[in-house]
Amino acid sequence: MISTLLVAAALLSADPASKPAPLTVQVGRDNTQVRVLTEEKTTILDIVSPHGIDKATIKRTTDKWPSPLVVRLHLKGLESLRVGDVTWSVSSTGKSLVTVSVPDGGVHPLGNNPYASVVRIVDSAKKIPLDAGGYFELTLPAKLLEDNPAELKLRWIDFYR
């Protein structure tokens, strides 16, 4: 059964008169949890995926996407995160090398391309597999949102699922 999470405005602000939630989230697995958080002016999709493989459809409920929009994945290893036609991968061995596959069909180190975005590894040991409580964090590049799509489709795979 597909779980649907409608993010309550209370998650965005303690003020009940605040604006409505800017996003709705639909996930593929019942045990995947997604929270929409606001830290200062940043909107964060905080995803906990015990199975390690899942998908989500994120729909904006406002005229524009919140910016910046961060995806935070609580996984042990990030084999891939796909958002639309762009895929980020973090190597599981050696130095944590991040690559991005872009719509032109190429696979590139982050470098200087419009889909470049740093994947932060937040973990006390800073090594893969991440400890419990560790996560990967990626700010979605403006290029993905420039056409202001009504929804974004995310898919992720954990090396250690």
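So the sequence shown is numbered by my numbering: it starts at -11 and just counts up by one. Heads up, the beta-carbon is just placed ideally off N, CA and C, and yes, glycines get one too.
Worksheet item: Just checking, does the segment 112 to 126 make contact with the segment 67 to 87 on the three C-beta pairs under 8 Å criterion?
Response: These segments touch.
Item to complete: With a threshold of 7 Å, establish whether the CB of D18 neighbours any heavy atom of the ligand FAD.
Response: For the ligand FAD, the structure offers nothing, since it holds no ligand at all.
Practice prompt. With DSSP collapsed to three states, give me the class of S(-9).
Written response: Annotation note: pLDDT 43 at S(-9) (below 50); position unreliable, no value reported.
Item to complete: Closer than 6 Å by C-beta to V59: which residues in its own chain qualify, once you throw out the five before and the five after it? Chain order, please.
Response: Only L33 and L126 meet the Cβ criterion.
Worksheet item: If we ignore side chains and look at the alpha-carbon of each, how far apart do G41 and L63 end up?
Response: Per the sequence shown, residue 41 should be read as Ile rather than Gly. Rounded to whole angstroms, I41 and L63 show a C-alpha spacing of 10 Å.
Practice prompt. Could you tell me whether the Cβ atoms of R108 and H39 are closer together than 8 Å?
Written response: Between R108 and H39, the C-beta gap is not smaller than 8 Å, which leaves the two residues out of contact.
Worksheet entry | Bridge-paired residues (DSSP) for D147 | According to the sequence displayed, residue 147 carries Phe and not Asp. None; F147 has no bridge partner.
Practice prompt. For P10, I'd like the list of residues in its chain whose CB is within less than 7 Å of its CB, leaving aside the five on either flank, ordered along the chain.
Written response: Result list for P10: T31, R48, T49, T50 and P54, in chain order.
Fill in: Per DSSP, cross-strand counterpart(s) of D18
According to the DSSP secondary-structure assignment, D18 is paired through a beta bridge with no residue.
Worksheet item: What separation, rounded to the nearest whole angstrom, lies between the Cα atoms of E139 and I46?
Response: Approximately 5 Å, taken between the alpha carbons.
Worksheet entry | Close-in-space but distant-in-sequence residues of the same chain around V71 (CB under 7 Å, 5 per side omitted) | Result list for V71: L128, L132, L140 and L142, in chain order.
Worksheet item: Less than 8 Å separating the beta-carbons of V86 and A44?
Response: Not a contact, by the Cβ cut-off of 8 Å.
Item to complete: Go through its chain and collect everything with a Cβ distance to L66's Cβ below 6 Å, but skip five positions before and after it.
Response: Within the same chain, Cβ atoms closer than 6 Å to the Cβ of L66 are found at V78 and F124, the five residues on either side in sequence being excluded.
Worksheet item: If you check the beta carbons only, do V90 and N101 fall under 8 Å apart?
Response: In this structure, V90 places its C-beta atom within 8 Å of the C-beta atom of N101.
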